[in-house]
Amino acid sequence: FLEGAFAKIHKDAKVLNVGAGGEIEILLRQYASVGAFDVQSLDIDPDRTPDIEGDLSTYNFDGNQFDVIVMSEVLEHIRTPDAAVNNALAGLKSGGQLVLTTPFLFPIHDRPHDYYRYTKYGLAWLLRDYVDVEIAPRNSWAEALNVMFVRLIKEKNPVCRFFGPLIVLLAFIFAPLAMLLGAVFKTDFMTSGYLV
């Protein structure tokens with residue numbers, strides 16, 4: 073999803089990545105080097121070395137608007153998501169695009185700054201002032217369960233760490249069955265996250 077969205081960013085676009093550092097920013101900057109667009113990062117944590125230190129909920133764009141704002145795996149860490157989403161809209165140029173991913177059925181992470189999980193209905197409500205909003209599940213219910221097992225490897229518990237490689241192997245083996253089960257028994261009641 074992100075690769076597809078990043079590949080569509082036009083040349084000379086101004087892009088704001090909310091949440092500095094990490095794999096998503098690395099991927100975005102790789103696409104920027106090929107697609108010739110500019111990326112700036114915004115983060116509340118100065119240790120993540122953002123280009124702009126600030127909170128999206130209260131950041132004053134002061135007329136500095138972006139063609140694209142990326143909020144990938146960030147919304148659940150923002151204490152005032154309504155304010156952040158509304159402020160992002162203010163930071164977009166007319167016709168600009170918000171690219172957002174967020175977890176739904178997913179373990180707690182980045183403790184103690186993991187505050188929310190969103191349904192597609194909650195996301196639609198948060199994004200009610202945006203136009204042309206498309207919200208899609210990241211995966212099927214069976215694949216979401218598989219993701220939950222894999223995330224055990226991230227847990228600091230020594231038992232989880234010890235059995236982590238086995239859990240990942242089992243999840244890898246189960247992956248084709250999970251995809252098949254998700255395709256056969258279609259339902260939207262569970263996913264590991266949403267793509268917006």
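Just so we're aligned: the sequence shown equals residues 73 to 268 in my numbering. Each residue gets a CB set at the ideal place from its N, CA and C atoms; glycine is no exception. If you're wondering where the values come from, they're calculated on a predicted model, not measured in any experiment.
Annotated as distal: N159 and L199, with beta-carbon spacing of 8 angstroms or more. When secondary structure is reduced to three states using DSSP, Q112 falls in the strand class. Minimum Cα-Cα distance from D117 among the listed residues V87, Q169, A92, A250 corresponds to A92. Rounded to the nearest angstrom, the gap between the Cα atoms of Q102 and H82 is 14 angstroms. L147 counts as buried, since no fewer than 16 other beta carbons sit within 10 angstroms of its beta carbon. Proximity to E75 across I98, K86, V90, D84 peaks at I98, based on C-alpha coordinates.
Taking the Cβ atoms as the reference, F109 lies roughly 4 angstroms from A85, within the contact range of under 8 angstroms. For Q169, the uninterrupted beta strand (DSSP E) segment begins and ends at 164-175.
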